Amino acid sequence: MAEESFRIVESSYLLSAVKLSQCKKDDLKEIAFIGRSNVGKSSLINSLCNHRGLAMVSREPGKTRTINYFSIRSKQAVDGAGDAGESEQNWYLVDLPGYGFAKTGHENRDAWSGFIADYAANSRHLALMCLLIDLRHPQLPIDKKAYQWLRGLGMPLQVIGTKADKLGQSDRQKNIRTIAHEYPGDYPPLMYSSKNHLNRQALLQVIQSFVVDPQEAPHA
């Protein structure tokens, strides 16, 4: 039961933004997800929130062209309070447009890049950035460029290797070691499968450290 002490109990789409002024301005913390188009970001979000259809999954790379906000309500068990002792958190999951495929030409692609950069550099309540990398292809130059840019911003970073179910155990371990070497982050990289929810709870535990008040977190 301890590993389920932090859980998402409600998730819903809130709004889409195409410029920073349209993004949320309240004091709720934001956990953002970014990755190459077709990396499986929408599927991971649906898996993480245990909400099929929350983020729309498209067969067309580059379909997501807005910053999408999802309103999240989570609960955290409080030590010593029994079954009824739970704290509640409200925060935003932020789905950033995929990079790598731009179906609307160079001008719009550059506008996208500027918009994402503006958000990542200037959002006051961005607590954690999750960089998604296809575990089957861990050394793509475009991912390395995105990683270097994000590290340059100095924000907390969690690297996630997606589509782990598409690899055998040996290749999984080999490629996650490659990711750990090529993309050192603030936390060990996680391999993730949206199909069987591999490491869902591990990712939730990372998020917990950013959205739960330290006084409410369970003690070791």
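Sequential numbering from 1 applies to the sequence shown in UniProt numbering. Note that CB positions come from ideal geometry on N, CA and C, so glycine has one too. Since we're looking at a predicted model, the values are computed, not measured.
Residue i: first and last residue of the uninterrupted beta strand (DSSP E) it sits in
i	result
residue 187	Residue 187 -> no beta strand (DSSP E), and no H or E assigned at all.
residue 165	That residue, residue 165, is in no beta strand (DSSP E); it is neither H nor E in DSSP.
residue 4	Run containing residue 4: none; DSSP gives neither H nor E here.
residue 130	126-134
residue 89	86-95
residue 75	67-77
residue 32	30-35
Residue range of the unbroken alpha helix (DSSP H) whose run includes residue i
i	result
residue 202	200-211
residue 49	41-49
residue 148	141-153
Whole-angstrom C-beta distance between residue j and residue i, which should lie under 8 Å
i	j	result
residue 130	residue 31	7 Å
residue 116	residue 97	6 Å
residue 160	residue 198	Not confirmed; about 11 Å, so no contact.
CB of residue i within 7 Å of CB of residue j, strictly
i	j	result
residue 248	residue 191	What is shown of the chain runs 1 to 220, which leaves residue 248 out entirely.
residue 193	residue 165	yes
residue 73	residue 18	no
residue 100	residue 45	no
residue 29	residue 91	yes
residue 93	residue 70	yes
residue 234	residue 120	Because residue 234 is not part of the residues shown, which for the chain are 1 to 220, the question remains open.
Proximal residues to residue i (C-beta, below 6 Å), its chain only, five neighbours per side dropped
i	result
residue 51	11
residue 16	66, 68
residue 180	189
residue 39	132, 134, 162
residue 125	29, 30
Backbone CA spacing between residue i and residue j [nearest angstrom]
i	j	result
residue 4	residue 13	24 Å
residue 54	residue 22	21 Å
residue 211	residue 178	29 Å
residue 170	residue 176	10 Å
residue 118	residue 206	25 Å
residue 195	residue 123	31 Å
residue 127	residue 172	28 Å
residue 146	residue 213	30 Å
residue 1	residue 89	Low local confidence applies: a pLDDT of 35 at residue 1 is under 50, so the model's placement there is unreliable, and no value is given.
residue 26	residue 140	36 Å
residue 144	residue 43	22 Å
residue 150	residue 182	14 Å
residue 174	residue 148	22 Å
Cut-off 7 Å between Cβ atoms - residues of its own chain near residue i, not counting five sequence neighbours on either side
i	result
residue 41	33, 35, 95, 98, 132
residue 184	none
residue 85	77, 78
residue 6	74, 76, 204, 205, 208, 212
Residues near residue i in its chain [Cβ-Cβ closer than 8 Å; skip 5 each side]
i	result
residue 186	156, 157, 158
residue 20	115, 118, 119, 122, 123
Any non-hydrogen atom of the ligand GTP closer than 6 Å to residue i Cβ
i	result
residue 203	In the structure on display, the ligand GTP does not appear, and there are no ligands present to speak of.
Beta carbon proximity, residue i to chain B, threshold 7 Å
i	result
residue 195	The structure shown has no chain B; it contains just one protein chain.
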